[in-house]
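>
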Amino acid sequence: MKLTTLFRISLLFLPAIVTCTKKSHTADEAFLSFEEPAISLRTYVGWCAANDSLTISKNNSLWIHYASCQDETGVKKQWLTDPRDLEELQEILATGDFGSLDINECGHCADGITYVLTVQDKGKKHSIRLSHSSTTAAQAQEGMAIRLLDKMTDIIERQTQNNH
Numbered sequence: 017m018k019l020t021t022l023f024r025i026s027l028l029f030l031p032a033i034v035t036c037t038k039k040s041h042t043a044d045e046a047f048l049s050f051e052e053p054a055i056s057l058r059t060y061v062g063w064c065a066a067n068d069s070l071t072i073s074k075n076n077s078l079w080i081h082y083a084s085c086q087d088e089t090g091v092k093k094q095w096l097t098d099p100r101d102l103e104e105l106q107e108i109l110a111t112g113d114f115g116s117l118d119i120n121e122c123g124h125c126a127d128g129i130t131y132v133l134t135v136q137d138k139g140k141k142h143s144i145r146l147s148h149s150s151t152t153a154a155q156a157q158e159g160m161a162i163r164l165l166d167k168m169t170d171i172i173e174r175q176t177q178n179n180h
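Be aware that the sequence shown starts at 17, since it is given in my numbering, and climbs by one per residue.
(1) Compare the Cα-Cα distances from Ser77 to each of Lys138, Ile55 and Asp118 and report the closest residue.
(2) Hey, how far is the Cα of Trp79 from the Cα of Gly62?
(3) Measuring alpha carbon to alpha carbon, tell me which residue in Glu107, His148 and Gly112 is nearest Asp127.
(4) Which residues share a DSSP beta bridge with Gln6?
(5) Relative to the C-alpha of Asn178, which candidate in Thr151, Thr71, Arg145 and Trp95 has its C-alpha closest?
(6) How would you write the range of the beta strand (DSSP E) that Thr111 sits in, first residue to last?
(7) Quick check on DSSP: helix, strand or coil for Ile144?
(8) Use the C-beta contact count for Ser116: other C-beta atoms within 10 angstroms, 16 or more gives buried, fewer gives exposed.
(9) In angstroms, rounded to a whole number, what distance separates the CA positions of Ile172 and Tyr82?
(10) Quick test of your reading: Glu158 and Thr97, contact by CB under 8 Å. State the CB separation rounded to the nearest angstrom.
(11) Roughly how many angstroms separate the alpha carbons of Ile162 and Ser69, rounded to a whole number?
(12) How far does the alpha helix (DSSP H) with Thr176 in it extend, from its first residue to its last?
(13) In terms of residues, what are the limits of the beta strand (DSSP E) holding Ile55?
(14) Can you find the residues in the same chain that come closer than 7 Å, C-beta to C-beta, to His124, ignoring five residues on each side of it along the sequence?
(15) Taking the alpha-carbon positions, what's the Glu121 to Val91 distance?
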């Protein structure tokens, strides 16, 4: 009787033990191969649209375009960071305290876009989530988050145009 009960209980937990998990490609993985400071932008788009990420550090930049409705990598491009881009991003960050920004919006929850900006430096990492540039939170610290978003978006556009 005890053996039968133990067997039944173990069957209940068997699916949890043997289930597979899909590997997710995240901006965090991109940080693993970059020296600090590193700045990243990841977009999440509603309705299964394609999204992308850009990670920039002193020497390297990596752009990943994910296929729609999944986190499988569609296109990946790596290049040497343009020192002028890094300098401009650092100048934007120097205008305030990015680590104190507390923005957690969800644009893709309403079929829009969520922009996740992450800065990793000196062993610390801080992320914010923006949905729209006109929100009050996005305008904090003289619009630092929006200026970072605009610069990162500009870099993506410039680099993806170079592909064609």
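Beta carbons: idealized from backbone N, C-alpha and C, even for Gly.
Computed from a predicted model, the values in this text were never measured in an experiment.
The answer reads as follows:
(1) As a first step, residue 77 must be located in the sequence shown, where it is residue number 61. Residue Ile55 is the option with its Cα nearest to Ser77.
(2) Taking the first residue of the sequence shown as 1, we reach residue 79 at position 63. Taking the first residue of the sequence shown as 1, we reach residue 62 at position 46. Roughly 20 Å between the two C-alpha positions.
(3) Numbered from its first residue, the sequence shown carries residue 127 at position 111. Of Glu107, His148 and Gly112, the residue nearest in Cα terms is His148.
(4) In the structure displayed, the chain extends from 17 to 180; residue 6 sits before or after that span and is not available.
(5) On the sequence shown, residue 178 is found 162 positions in, with the first residue counted as 1. Out of Thr151, Thr71, Arg145 and Trp95, Trp95 has the C-alpha closest to the C-alpha of Asn178.
(6) Sequence index remark: in the sequence shown, residue 111 carries index 95 (1-based). Thr111 -> no beta strand (DSSP E), and no H or E assigned at all.
(7) As a position in the sequence shown, residue 144 is number 128, starting the count at 1. Three-state DSSP puts Ile144 in a strand.
(8) Stepping through the sequence shown from its first residue, residue 116 is reached at position 100. With fewer than 16 other Cβ atoms within 10 Å, it is exposed.
(9) One-based indexing of the sequence shown puts residue 172 at position 156. One-based indexing of the sequence shown puts residue 82 at position 66. Roughly 14 Å between the two C-alpha positions.
(10) Locating residue 158 in the sequence shown gives position 142, counting from the first residue. Locating residue 97 in the sequence shown gives position 81, counting from the first residue. Glu158 to Thr97, Cβ: 25 Å. No contact.
(11) Along the sequence shown, one-based indexing puts residue 162 at 146. Along the sequence shown, one-based indexing puts residue 69 at 53. If I take the Cα positions, the gap works out to 16 Å.
(12) Here residue 176 is taken as the residue at index 160 of the sequence shown, counted from 1. First-last of the alpha helix (DSSP H) with Thr176: Ala156 to Gln177.
(13) Here residue 55 refers to the residue found at position 39 of the sequence shown. Counting along the chain, the beta strand (DSSP E) containing Ile55 begins and ends at Ala54 to Val61.
(14) Counting from one through the sequence shown, the residue named residue 124 turns up at place 108. Contacts found: Tyr60, Val61, Gly62 and Thr130.
(15) Here residue 121 refers to the residue found at position 105 of the sequence shown. Here residue 91 refers to the residue found at position 75 of the sequence shown. For Glu121 and Val91, the distance between alpha carbons rounds to 27 Å.
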